[in-house]
Each structure stands twice: as C-alpha cells, then as structure tokens.
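What follows is a set of notes on a single structure, which appears directly below.
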Amino acid sequence: MSHQLVANNSSVILSFILVLISLYIGWKEKLGVDKEIVIAVVRAIIQLTIVGYVLKYVFKINNWMLTAAIMLFIIFNAAYNAKQRSNKLPQAMWISLLAIFTGTGVSIFVVILTGSIKFVPMQIVPITGMMAGQSMVAVGLCYRNMNSYFKDRREQVMEKLSLGATPLLASKDIIRDSIKTGIQPTIDSAKTLGLVSLPGMMSGLIFAGVDPVLAIKYQIMVSFMLLSNTSLAAIIACYCAYKKYYNSRDQLITD
Amino acid sequence: MATVLDIRNITYQVEKQTILNDINWQIEEGSLITVTGPSGSGKSTLMRIIANLQPYSSGEIIYQGKSLDEYDPIKYRQQVSYAFQQPDLFGQTVEDNLRFPYMARNQSFDQNRAYDVLQSVDLSKDYLTRSIDNLSGGEKQRVALIRNIIIMPKVLILDEVTTGLDDVTKTAVRNLIKQVNQSGVTVLQVTHDDAEIKNSDMLVTVANEKLTQNKEE
Numbered sequence: 288m289s290h291q292l293v294a295n296n297s298s299v300i301l302s303f304i305l306v307l308i309s310l311y312i313g314w315k316e317k318l319g320v321d322k323e324i325v326i327a328v329v330r331a332i333i334q335l336t337i338v339g340y341v342l343k344y345v346f347k348i349n350n351w352m353l354t355a356a357i358m359l360f361i362i363f364n365a366a367y368n369a370k371q372r373s374n375k376l377p378q379a380m381w382i383s384l385l386a387i388f389t390g391t392g393v394s395i396f397v398v399i400l401t402g403s404i405k406f407v408p409m410q411i412v413p414i415t416g417m418m419a420g421q422s423m424v425a426v427g428l429c430y431r432n433m434n435s436y437f438k439d440r441r442e443q444v445m446e447k448l449s450l451g452a453t454p455l456l457a458s459k460d461i462i463r464d465s466i467k468t469g470i471q472p473t474i475d476s477a478k479t480l481g482l483v484s485l486p487g488m489m490s491g492l493i494f495a496g497v498d499p500v501l502a503i504k505y506q507i508m509v510s511f512m513l514l515s516n517t518s519l520a521a522i523i524a525c526y527c528a529y530k531k532y533y534n535s536r537d538q539l540i541t542d
Numbered sequence: 055m056a057t058v059l060d061i062r063n064i065t066y067q068v069e070k071q072t073i074l075n076d077i078n079w080q081i082e083e084g085s086l087i088t089v090t091g092p093s094g095s096g097k098s099t100l101m102r103i104i105a106n107l108q109p110y111s112s113g114e115i116i117y118q119g120k121s122l123d124e125y126d127p128i129k130y131r132q133q134v135s136y137a138f139q140q141p142d143l144f145g146q147t148v149e150d151n152l153r154f155p156y157m158a159r160n161q162s163f164d165q166n167r168a169y170d171v172l173q174s175v176d177l178s179k180d181y182l183t184r185s186i187d188n189l190s191g192g193e194k195q196r197v198a199l200i201r202n203i204i205i206m207p208k209v210l211i212l213d214e215v216t217t218g219l220d221d222v223t224k225t226a227v228r229n230l231i232k233q234v235n236q237s238g239v240t241v242l243q244v245t246h247d248d249a250e251i252k253n254s255d256m257l258v259t260v261a262n263e264k265l266t267q268n269k270e271e
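Quick note, the sequences are listed as chains Z and D, same order. If you count the first sequence from 1, you need to add 287 to reach our numbering. If you count the second sequence from 1, you need to add 54 to reach our numbering.
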C-alpha cells in the first residue's frame, strides 16, 4: 500500500462535503454566518490557487530578489490585517509594519545564521508566512487589549499623570498587560506542543514522509522562532501604540 | 499676593455643546479657594483643564507668569497636582502608592516623609506595608490624598475628596488641607461641604458655563 500524498481534483471536490456540514450547522443554529462561510471558502480557493501557481513559479526561478519581494508582500498583508484590529489607531499601519517586519525579520535572520534554513524561496516563503501570521495575531491582540485597557483604566492613568508621571510611566501597566495578552497564545501553544497538536510545519514534514524526529527538531526551532517573533512584534507594537492615546500636551485623548 | 494662575478666556466645547464659556480667573498664591456649583456645571472639567489633564477649546492659562504651552506638561503636573473624587490605588501596598510620585520624578523614596504624611491623616506607620485590599474606603481616600502631597506641589486641586467620608475622616482630611495650605500651597477645592466652604479664603461658583467669584465672609 502506498503512503504517497494524493490530493487530486476529485478528492478536493469530495472534501467540500465538510464545508456543507459547517453551512448546515450555521443554518440550523441560525448563526448568521452562512454568507461569511461561503465568502471564506471562495476566497480560500482563489487565494490558495493563485498562491500555489505563484509559489511554483517562484520556487522554479529561485531568485533572491523575488524571494525578498514575496517576504515583504506577506509582511505587508499581515500588517494590514493587524491594523484592522487597531480601532482606528493613528499610524497603525506603520506600527504594524515595523513590528511584524522586525519580529519576522530578526527570527528568520537568526535561523539563517545558524544554518538551519537557507535563503531559498522553498524555505523562506513558508517560514515567513508562519512568522508573519503569528505576529499578525499577536499585534492584533495587543491593539484590541490596549484599547480596552485604556478605556477601563482611564481614571487610573489620569491619576498617575496627575501625580507627575510621564505617559510611559502612566501607561506601563497597560503596555505590560497588552504585551502579555499578545504573546500568551504563542506561549500556550508552545506548552502543549505534541500533546494537543502536531503543529503545521511538523505535520507537513511528517506528511511529506520526513522522519518524525527530524520534523520535531524543525518544529522546536520554529517554536523558538515564534516566541522571539511574537515577543518582538508585541513589544514594538505596544511601545509605539501607547503614544497614540496621548495628545501633544501628554493628555489622554478622549474618544 | 502674587498671582500663581491666571485663567484667561477659557472656553471648553464638546460636540458643539459649550461647557465653559470665556472663564477668567486670577488665583492668588497661597490662597484656599472653594469651587462650588450645581452638578454637571463643569467644575471638575475646569479643574482638570487647570491641572493640564484635559484640553480646552480656546483661551490661555498663565502659570507663574508663563503660558501653560511653554511648560513641559509633566513638570507642570508635578507642580499643579489634582486629587480625584473616587481614586484608584495602584500596586499591592500603600507603599507602592507613596513611592509612585518619587518614581515619577526619578527621586529615591523618603520613608520618613511617608511616615509623616501617614500620621498627618491619622494613619499609623504600619499602614505603609499594608495591602491596599485591606483598607476601608476612608483609608483608601486618605492614602490617595497623601500621594498628591508626599512631594509638596505648588498648587493642589481637590475634587470633592471628602465626599462619602465619615465625620472623623473628614475632619482629618480638612486639617491636612489646612496644614498644606498654611505651608504655602495654593489649594483649589471642589466641595459642597459647608465646613470646608467656611474654611476657605474665597468661594467661586461655576454655573451656566460661567465662573463667578464671591469673597467668603
């Protein structure tokens, strides 16, 4: 019996039954998500098909400039999506871009230096996707929590300001708690690695027939990367974002 | 006496609604002034504007002869301190709260001064290490108030800080305010309390977007 991966067109079409199950649940429970599921499925098919062909081309060409351009494209998209969670925070796009670029860039740069991966599209593009995706979630969480903390603790922040604190000192607790909530999912998933889930990269390698022990080594490396990546992205995003809650007179901006 | 704060033509509007309209007020150094007026009249807003905690729409504030705009906002707030009506305590202990003003000024904590200010509001030395969760409402209010004066400001703004306190605590707080004022600090207190009004040098009323000054008899 062959263990080779088989994902032909008919098997993909048959797996569409799974979407029908979620549509049925949505309709039965009146969740009002039917339209969203259909849009999500259509988007997934179109986006992944395009990406599949683009990656095929990029891998074939194997040009460093094109690889870097793809990296930037992924990071830009991640930043744009993180920005959407910022509740109209001024300059959220630039902050997100800086945070995700630095988090992703530093992590990838370090593992390239260690020699674990090479700057070739087949390795760089998927790893950039993983890093940027995770830092996008972390930065988005930071924005959302920071916004609600500034609302809930408004009086406390003003009290600290009235005691002579700088905006940084007055916001310190909020910054700390926002960073913590931003990186918590990464820490939680690192804690349960292998126990609850076999994460994407490891599963992919095992699927492709790689020795599970080697797959685990790569996954450990990716987990380390994800931790540094989300920590850096969250810290940069929070330390840049908190300033936007103050005006030029160091007063808290009213909604 | 010299003018410490000169409020010139201050107007505050929010969403086309005028809260304060063309307020002019000269505050003399070392005075104890009571600010009163109906609820929602803009007393707290005016106090927060003076404390540089919120912006104003137009006008100018002159502090010690210089426009507020020329001051570093942090340095200004270290001299013009605002105490809240329902304050929150920070951290875990009373000490965390009393350390904060020192931290804000990059100064080392003066424990003896902390003991002095605790005693000035009838709280013993051992309160310094107490958890804020074990304090009564009145004790919390007193700790919050002494945070504002552990490093003495030039102007102290009190926004109904005695509201909801029992009579004994109120008396302790009133005595402290009097002492602070006698040490040369200008005090602006928002209150409806008759005893506090009687204690003050001047009474001003904020009503119908305007401020009127009445010499207290």
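Note that CB positions come from ideal geometry on N, CA and C, so glycine has one too. Nothing here was measured: the structure is a model prediction, and the numbers come from that model.
Review point. Does any residue of chain Z bring its CB to less than 8 Å from the CB of Asn63(D)?
Key: no
Point to revise | Distance CB(Tyr130(D))-CB(Tyr66(D)) smaller than 8 Å | key: no
Point to revise | Span of the alpha helix (DSSP H) around Gly402(Z) | key: Premise fails: Gly402(Z) is in no alpha helix (DSSP H) and is neither H nor E.
Check your understanding: What residue does the beta strand (DSSP E) around Asn20(D) start on, and which one ends it?
Key -> There is simply no residue 20(D) to check, as chain D begins at 55 and stops at 271 in what is shown.
Check your understanding: CA-CA distance, Ile312(Z) and Leu301(Z)?
Key -> 19 Å
Check your understanding: So what does Val241(D) bridge to, in DSSP terms?
Key -> Leu86(D) and Leu210(D)
Check your understanding: Would Ile186(D) pass as a contact of Val227(D) if the rule is Cβ separation under 8 Å?
Key -> no
Point to revise | Distance, Asp123(D) Cα to Pro408(Z) Cα | key: 54 Å
Point to revise | Residue-level contact to chain D via CB, Ser449(Z), 8 Å cutoff | key: yes
Check your understanding: Can you give the Cα-Cα distance for Val215(D) and Gln140(D), rounded to whole angstroms?
Key -> 8 Å
Check your understanding: Pick from Ser458(Z), Tyr505(Z) and Arg463(Z): whose alpha carbon is nearest that of Gly481(Z)?
Key -> Tyr505(Z)
Practice item. State the beta-bridge partners of Gln80(D) as determined by DSSP. Key: Asp60(D)
**Study point:** Sequence-distant residues of the same chain with beta carbon closer than 7 Å to Leu257(D), five excluded per side
**Key:** Thr88, Thr90, Ile251, Asn268 and Glu270
Exercise for review: Would you give the residue range spanned by the alpha helix (DSSP H) that Val222(D) belongs to?
Suggested key: Asp221 to Gln236
Exercise for review: Compute the distance between the beta-carbons of Ala356(Z) and Val426(Z), then report whether it is under 8 Å.
Suggested key: no
Point to revise | Simplified DSSP state of Gln71(D), which is helix, strand or coil | key: strand
Practice item. Classify Glu323(Z) as helix, strand or coil using the three-state DSSP reduction. Key: helix
**Study point:** DSSP-derived helix/strand/coil call for Ile540(Z)
**Key:** coil
Practice item. Please confirm if Ile455(Z) has its CB atom under 8 Å from at least one CB of chain D. Key: A small correction: the amino acid at residue 455(Z) is Leu; Ile does not occupy that position in the sequence shown. It does not: the Cβ of Leu455(Z) has no partner Cβ on chain D nearer than 8 Å.
Check your understanding: So, does the CB of Arg463(Z) fall closer than 8 Å to a CB anywhere in chain D?
Key -> no
Check your understanding: Grouping DSSP H, G and I as helix and E and B as strand, with all else coil, what is Thr99(D)?
Key -> helix
Exercise for review: Please work out which residues of its chain come closer than 6 Å, Cβ to Cβ, to Leu265(D), disregarding the five sequence neighbours upstream and downstream, and give them in chain order.
Suggested key: Ile77, Trp79 and Val258
Check your understanding: Any Cβ of chain Z within less than 8 Å of the Cβ of Phe163(D)?
Key -> no
**Study point:** Among Asn63(D), Ile73(D), Leu86(D) and Ala56(D), the one whose alpha carbon lies nearest that of Ile231(D)
**Key:** Leu86(D)
Check your understanding: On the three-state DSSP scale, how would you describe Met288(Z)?
Key -> Any reading at Met288(Z) needs caution, since the residue's pLDDT is 45, under 50, leaving its predicted position unreliable; the model's value is listed next. Coil at Met288(Z), not helix or strand.
Check your understanding: To which residues of the same chain is Ile522(Z) closer than 6 Å at the C-beta, ignoring the five residues directly before and after it?
Key -> Ile466
Check your understanding: Taking three-plus beta-carbon pairs below 8 Å as touching, is the region 399-415 of chain Z in contact with the region 457-472 of chain Z?
Key -> no
Check your understanding: Which same chain residues, not among the five before or five after Leu342(Z), have their C-beta less than 7 Å away from its C-beta?
Key -> Val412
Check your understanding: Beta-carbon of Arg431(Z) versus every beta-carbon of chain D: anything under 8 Å?
Key -> no
Review point. Sorted by chain position, which residues of the same chain lie with C-beta nearer than 7 Å to Ile387(Z)'s C-beta, five sequence neighbours on each side aside?
Key: Ile362, Ala365, Ala366, Ala369, Ala419, Ser422, Met423, Val426 and Ala520
Review point. For the putative contact between Tyr436(Z) and Leu376(Z), defined by C-beta atoms under 8 Å, what is the C-beta separation to the nearest angstrom?
Key: The Cβ separation is near 13 Å, so there is no contact.
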